[in-house]
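Student: If you scroll down you'll find the structure; I have some questions about it.
Residue numbers (the numbering used here): 517 to 778.
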């Protein structure tokens, strides 16, 4: 009975090691469980007992793992030899092409290439000419003023009806901020919902979405601030509004402002 248990234990160990060897045969150490499993299976066969089914399974798995390992190693070696042969052929072909090009060089062209290049001497430009060509850099205030002068007003419905004709145009509009949305992971910049003035001076006219693209967001804008916006017309923004029936709003990428009141 003890011999049978011993044989069964050796057979199970051989089977487990054989399976592990098959699963890890792609790496070098995968051959080790196969060899140990094979040895244990052979020891189990030496025991005097007729029930050798598990030992047979362990022997088969171990042998299969060893065969797979040998096959993989042979394939890797053949692949390396093929790559080396390809590199040798490419090097030989490249060397042959270089020799052919050397033999067919044009002697006239070669003599021209070997002649020393004459250095071109550049005549110095008079300082007066340099001063005339230098354009003085514009100050930030001048750039801002030119930008504002290029902006103009557009009709709200015309932009929403044909946005492709207006996107990118410089625009200006005086509005009152109703909502401030801070920058977060959901939006890449701070933006505002704002309304233009109406006939009753209640600032409940057309609704705008204004994206704050100023380099320095100074002054900080708050709700109920009245400002003149200078920027570029952006693609209309889809949103839900209780004031207008359309779900698309006039959107502006704001570059500059004139602060009117708070």
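Using N, Cα and C, we set each Cβ at its ideal position, and we do this for glycine too. These figures come from a predicted structure and were not determined experimentally.
What residues in its chain sit with their C-beta under 8 Å from that of residue 752, if we drop five residues either side in the sequence?
Tutor: Against the chain shown, residue 752 aligns to sequence position 236. Closer than 8 Å at Cβ, skipping near neighbours: 675, 676, 679, 764, 765, 766, 767.
Student: Can you name, in chain order, every residue of its own chain whose Cβ lies under 8 Å from the Cβ of residue 663, other than the five neighbours on each side?
Tutor: For the purposes of this step, residue 663 is taken as the residue at position 147 of the chain shown. Cβ neighbours of residue 663 beyond the five flanking positions: 686, 746, 771, 772.
Student: Is it the case that the CB of residue 677 approaches a heavy atom of the ligand FAD more closely than 7 Å?
Tutor: What this structure holds is no ligand at all, so the ligand FAD is not there to describe.
Student: Provide the residue span of the alpha helix (DSSP H) that contains residue 664, from first to last.
Tutor: Translated into the one-based positions of the chain shown, residue 664 becomes position 148. Counting along the chain, the alpha helix (DSSP H) containing residue 664 begins and ends at 656 to 666.
Student: Does the Cβ of residue 739 have 16 or more other Cβ atoms within 10 Å, making it buried, or fewer, making it exposed?
Tutor: Taking the first residue of the chain shown as 1, we reach residue 739 at position 223. By the neighbour-count rule (16 or more Cβ atoms within 10 Å), residue 739 is not buried but exposed.
Student: For the beta strand (DSSP E) containing residue 765, name the first residue and the last one.
Tutor: Reading the chain shown from its first residue, position 249 is the one you call residue 765. Start and end: 764 to 777.
Student: Please state whether the Cβ-Cβ distance between residue 580 and residue 538 is less than 8 Å.
Tutor: Taking the chain shown and counting its residues from 1, the one referred to as residue 580 is at position 64. Taking the chain shown and counting its residues from 1, the one referred to as residue 538 is at position 22. Cβ distance < 8 Å, so residue 580 and residue 538 count as in contact.
Student: Sort out for me which residues DSSP pairs residue 723 with in a bridge.
Tutor: Reading the chain shown from its first residue, position 207 is the one you call residue 723. For residue 723, which the question treats as bridged, DSSP gives the partners 711.
Student: So the beta strand (DSSP E) residue 794 belongs to, where does it begin and stop?
Tutor: No statement about residue 794 is possible, as the shown extent of the chain runs from 517 to 778 and does not include it.
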